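S.K.: Protein chains in written order, with the numbering used here: chain U, 1 to 353; chain W, 354 to 876.
From the three backbone atoms N, C-alpha and C, an ideal C-beta is built for every residue, glycine too.
It should be emphasised that the depicted structure is a prediction, and the values quoted were computed from it without experimental measurement.
Structure in C-alpha cells, see below.
Below, the structure is given as C-alpha cells:
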C-alpha cells in the first residue's frame, strides 16, 4: 500500500548534520578568537620587557638597536592596534615572527607540532591498548587479586612524577641496559627524511628509508613509554568503571545466552557499550598529551610543542606564545569535534538526538 | 580463526618492529675514536648570520664556519694572535692596520681580499637591528690596498684587537653575500641565505641548520688555514637538560657535553674527561645607591656591612668545580683582575652596620630564579646569603621572579638589593668598565657619576691607556676602587665545565665562543 519513495540521502544546506557542522565551526572560530584575546591580554599583563628579554643586556643598551627592534616588530604600537594587526595577519595565514627564534611562528610550529604529534600518537595508542585490556581484566575479575593488582598498578601510573620517570627510565634503559637510544628524534648519524608529514617514522617509510624508520621508532620508545604510563593509569580506571556498569546489562547477558564467545561479547557488547565515557577520556588525554609534554620533551631533547611553548613563555615571545595558544586551542576543539562525531558512530541514540 | 590469525600477524609485526628498533639503539662506547663529532649543548641559536649573532651557540657555530681578522690561541685570552691578518697599531692606539694573508680562500675557492673585510665590518655597522651592531661603534673602516685595511677610532682603543676576535665580526665572502641580499645598511636581507649556506673561510661549512634541534657541519674542502681537521662531520645538538647531556655522554651517544654543572662533573664516570676553569661571568650583589629606592642600601656603611658579613667560601660551595671567588668586578683571567677577594670580617661588618643606622628592618633581595649562570642557581645562593646576613643582623626577604620579569627592573635601576651577573662581549677588560659610576651597570645601581668622580676618573684612565702595562695598572686601580667603595659585592665566578669522551682531546674554553670545534682532536 505504501508507495515507497526513496529519497537520496544528501547533506544539503538544510540537512541537520550540515547545520550542526556549521554551528560547530562558528563556535570554534569564536572560541579561537577568545583564545587569542585571553592569550594576548595575559601575556601583556605579565611584568617584563620583551625587548630587553629578546635582545639581551648588551644590545638592549644600544638605543639604535632597541629602536630598530621595536619598529620591526611593531612593539611601539598601542596594544589594541597590535592585537588587531595580529588577528588581521592571522586571517592571511601569517602568525607573525617569533621574537625568540626570529623565524616565522608558522614555520616553527610546523616543525614542533609533528614532533609532538608523533610521540603523543604513540602514547595514546599504547595507552588505549594497555588501558583497555587492564581495565577490562580488572572489571571481569572484580574483587579478586587480579583486580587489586591492576588497581594498584594504575594508581602507580597516575602517581609517578613524569620528570622523574623520564630521567630514571633514560638512565636505566639507555645507560645501564643499552636497549634504548640516546636523546632526540634520530641518532646523530642520520639526516631527517624528506619532510612530508613531519612525522619521522611516516616520512622515512614514504621515502623507503628503513634504517631511519627503525631508528626513529627506537627513539620513540622511551618517550612513549613515559607519557603512556600516566594515561594507562587513567584509562585503566575509567575502563574498569565503565565496563562494570555494562557487565550486568541485559544485552550483555543476552549475548552470553546466545553462546557467543567471550571475546565477541567483550568487543561486540561490553566495550561498545562502555565506549562513550572511554572515548571522552581518550580525547581529553590525547589533547593533554599534545599540549603538556614540556618535561618529557626536555629530558629526551625532543624539539616539540612543549619545548617551543616553554621557550616562548620564558622569553616573553608574544607571537610564539600566541601561536602555541592557537595550536592548543585548535587541537582541543578538533579533538572534541572528532569525539562528538564518534559518539554518533558508536551510539545511534546520540545520532538521532 | 581469521581474526586470531590477523591479531597474531599484527602482534608479530609489532614485536619485530620494536626488536629491530631496539637493535638500532645500540650505543657506541665512549672510548672509541669517533668518525664524527657530536656536541650536546643547551641551544642559544637564533641565526646562522654571524653579523647578527650575539648568543653562545651561535658563536660556537660561527667560529667553526667563519674566521676573524684576529684570534686567540687556545684558552689564552690575554693577547690576540693573527687570524686572517696580522696587525700593527700607532702609538696613540687609534689607528690599526691589518694585513691579510695572501693565500687564504673562502669555501668557494675565491681569495679573501680587503674588500671582503671592509664589506663584512661595514655590514655589521650598518645593520642597526643587529644585536652585534654596537661592537663596531666608533670604528671607521678603510681599504688601503687589496690586502690591507685600516681601522681608526677617535679615542685610544686598545680593546680593538680583542674586538676583532669576536665571531660577529667574521669576514664574509662579499660577492656571495651581496648576491644574496647583503648590504652595508639596514636593508640587508642576507640572513635567510646565511641560515642555510656558508660564505666563510673557516674549517667547516653548514650542512643543515635547524634552530630547534641541531646544526650539522661538514668539512670545508677548500680550507687552507692552520687547523688540522679531525672530524669530517660535526653535529651540534640542542639538549637543554644538563642531566640528559650527562647521560648521553656517558652512554656514548655524544662526545662533548657543554653545560654540566659543577656537581654533575664531580659525578662523571672515569672514561670522561672534564676541562674545568673559571668562566668569565661574575655573579654579584647590587645595592642601589639611590636613596629614593632604598634608604638602607644607598648608605655606604650598609654596603660595607653586607660586604664583610658574607662568608665567600661558604657561597663558593654552591658553585662546584672550576668556580672561584670573584675578587672584583674583573674576573680572574682578565687584565687588571685583583689577586685577592674580600674576606669575611664580622667585626668590621658589625661596626659598619651600627654606623649605617639600620635597625633590623626587612630588606628585599630580588633575583632571577630561572636563569642559572655557569650551573649556579640563584635560589640556593640567595637562601645562603639570607642565612649569612641574618647571622650578621640583617634581615632579608627573598623575592625571586623569572628572568624576563627581573631584567626590566634591573636595567632600569629599580631594584634596591639584587643578585645579578655580568659577562664580557669580547675578551677584554674594557667590558667591565660599565660598572663605573655613571656608566651602564653603575646606573643600574643608582650610582651616578657625581656620586663617585674618583671611579669615573679611574674608568677613563683604563679606557684611554695606550700601552699594556699602563692598562694593566689602570684596570687594577679601577677594580680596587670599586671593591673599596662601589655598590657591588662580587661573589662568584662560576666554573666552565666542558666534559668530553676520553677519545676526544684539545678542548679549551673561550669566554665568547665557548670552544673552538676545529681544535678538537680524536685520539
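Checking contacts by CB at 8 Å: is residue 299 (chain U) closer than that to chain W?
M.R.: Interface residue, yes.
S.K.: Indicate the three-state DSSP secondary structure (helix, strand or coil) for residue 868 (chain W) in the structure shown.
M.R.: Residue 868 (chain W) falls in the strand class under three-state DSSP.
S.K.: What does a CB cutoff of less than 6 Å around residue 413 (chain W) pick up in its chain, not counting 5 residues either side in sequence?
M.R.: Correct list, in chain order: 866, 867.
S.K.: Taking contact to mean at least 3 C-beta pairs separated by less than 8 Å, is the stretch 89-103 of chain U in contact with the stretch 788-802 of chain W?
M.R.: No, the stretch 89-103 of chain U does not touch the stretch 788-802 of chain W.
S.K.: Taking 6 Å as the limit between beta carbons, can you name the residues of its chain near residue 705 (chain W), skipping five residues before and five after?
M.R.: Once the five neighbours on either side are set aside, the close Cβ partners of residue 705 (chain W) are 654, 657, 658.
S.K.: Scan the stretch 383-430 of chain W and note each continuous beta strand (DSSP E) run of 3 residues or more that stays entirely inside, going in chain order.
M.R.: Fully enclosed beta strand (DSSP E) runs of 3 or longer: 390-394, 423-426.
S.K.: In the DSSP output, which residue or residues are listed as bridge partners for residue 538 (chain W)?
M.R.: Residue 538 (chain W) is not bridged to any residue.
S.K.: Measure from the C-beta of residue 760 (chain W) to each C-beta in chain U and report whether the shortest distance is under 8 Å.
M.R.: Interface residue, yes.
S.K.: Residues of chain W with CB closer than 7 Å to the CB of residue 34 (chain U), please, in chain order.
M.R.: Chain W residues near residue 34 (chain U): none, gap ~25 Å exceeds 7 Å.
S.K.: Does the beta-carbon of residue 27 (chain U) have 16 or more other beta-carbons within 10 angstroms, so that it is buried, or is it exposed?
M.R.: Classification of residue 27 (chain U): exposed, given that the 10 Å Cβ count is below 16.
S.K.: I think residue 553 (chain W) touches residue 526 (chain W), with their Cβ atoms under 8 Å apart; what is that distance to the nearest whole Å?
M.R.: Contact flag correct, Cβ pair sits at about 7 Å.
S.K.: Which class does residue 875 (chain W) belong to by DSSP, given the choice of helix, strand or coil?
M.R.: Three-state DSSP puts residue 875 (chain W) in a strand.
S.K.: Below 7 Å on C-beta distance, what does residue 103 (chain U) contact in chain W?
M.R.: Chain W residues near residue 103 (chain U): 564.
S.K.: For residue 210 (chain U), count neighbouring C-beta atoms within 10 Å of its own C-beta (all shown protein chains included) and say buried if the count is 16 or more, exposed if not.
M.R.: So residue 210 (chain U) ends up on the exposed side.
S.K.: Express the C-alpha separation of residue 492 (chain W) and residue 440 (chain W) in angstroms, rounding to a whole number.
M.R.: Each residue's Cα considered, the two are about 16 Å apart.
S.K.: Just list the alpha helix (DSSP H) runs in the stretch 797-829 of chain W, keeping only unbroken ones of 4 residues or longer that don't cross its boundaries, in chain order.
M.R.: Counting only runs of 4 or more, we get 806-817.
S.K.: Starting from the beta carbon of residue 824 (chain W), find every residue of chain U whose beta carbon is closer than 7 Å, and list them in chain order.
M.R.: Chain U residues near residue 824 (chain W): none, gap ~22 Å exceeds 7 Å.
S.K.: Is it right to say residue 843 (chain W) is buried, meaning 16 or more other beta carbons lie within 10 angstroms of its own, or is it exposed?
M.R.: The residue is buried, with at least 16 neighbouring Cβ atoms inside 10 Å.
S.K.: Residue 333 (chain U): buried (16+ other C-beta within 10 angstroms of its C-beta) or exposed?
M.R.: With 16 or more other Cβ atoms within 10 Å, it is buried.
S.K.: Closer than 9 Å between beta carbons: that is the criterion. Which residues of the stretch 468-497 of chain W meet it against chain U?
M.R.: Hits within the stretch, in order: 480, 481, 482, 483, 484, 485, 486, 487, 488, 490.
S.K.: Between the stretch 772-792 of chain W and the stretch 672-689 of chain W, are three or more C-beta pairs nearer than 8 Å?
M.R.: Touching, yes, given that three or more Cβ pairs across the two stretches are closer than 8 Å.
S.K.: What residues from the stretch 584-607 of chain W come within 9 Å of chain U, judged by C-beta to C-beta, listed N to C?
M.R.: Here the close residues are 586, 588, 590, 591, 592, 593, 594, 596, 597, 598, 600, 601, 603, 604, 605, 606, 607.
S.K.: Should the stretch 157-167 of chain U be called in touch with the stretch 178-186 of chain U, which here means at least 3 C-beta pairs below 8 Å?
M.R.: With the cut-off at 8 Å, the stretch 157-167 of chain U and the stretch 178-186 of chain U do not touch.
S.K.: If you measure beta-carbon to beta-carbon, which residues of the stretch 40-57 of chain U are closer than 8 Å to chain W?
M.R.: Per Cβ criterion, the list reads 46, 47, 48, 49, 50, 52, 53, 55, 56, 57.
S.K.: Please classify residue 714 (chain W) as buried or exposed, where buried requires at least 16 neighbouring CB atoms within 10 angstroms.
M.R.: By the neighbour-count rule (16 or more Cβ atoms within 10 Å), residue 714 (chain W) is not buried but exposed.
S.K.: Less than 8 Å between CB atoms is the rule here; does residue 65 (chain U) satisfy it with respect to chain W?
M.R.: So, interface residue.
S.K.: What is the DSSP secondary structure of residue 587 (chain W), reduced to helix, strand or coil?
M.R.: In the structure shown, residue 587 (chain W) sits in a strand (DSSP, three-state: E or B).
S.K.: At which residues does the beta strand (DSSP E) containing residue 144 (chain U) begin and terminate?
M.R.: Element bounds for residue 144 (chain U): n/a, residue is neither H nor E.
S.K.: Please go through the stretch 673-736 of chain W and give each complete alpha helix (DSSP H) segment of 4 or more residues, from N-terminal end onward.
M.R.: Qualifying alpha helix (DSSP H) stretches, in chain order: 699-709.
S.K.: List the whole-angstrom C-beta distance separating residue 589 (chain W) from residue 568 (chain W), where the pair is believed to meet the contact cut-off of C-beta under 8 Å.
M.R.: The pair is a contact, with the Cβ atoms about 5 Å apart (cut-off 8 Å).
S.K.: What number of angstroms, rounded off, separates the C-alpha of residue 343 (chain U) from the C-alpha of residue 275 (chain U)?
M.R.: The alpha-carbon atoms of residue 343 (chain U) and residue 275 (chain U) are separated by roughly 9 Å.
S.K.: Using a Cβ cut-off of 8 Å (strictly closer), state whether residue 781 (chain W) contacts chain U.
M.R.: No, its Cβ sits nowhere closer than 8 Å to a Cβ of chain U.
S.K.: What does residue 303 (chain U) reach in chain W if we use C-beta pairs closer than 8 Å?
M.R.: Those within 8 Å of residue 303 (chain U) in chain W are 563, 565, 566, 591.
S.K.: Which residue from W:398, W:629, W:752 puts its Cα closest to that of residue 717 (chain W)?
M.R.: Ranking W:398, W:629, W:752 by Cα distance to residue 717 (chain W) puts W:752 first.
S.K.: Chain U partners of residue 400 (chain W), CB-CB under 8 Å?
M.R.: Going along chain U in sequence order, the residues near residue 400 (chain W) (Cβ under 8 Å) are 102.
S.K.: To the nearest whole angstrom, what separates the beta carbons of residue 290 (chain U) and residue 116 (chain U), a pair I think is in contact under 8 Å?
M.R.: Residue 290 (chain U) to residue 116 (chain U), Cβ: 6 Å. Contact.
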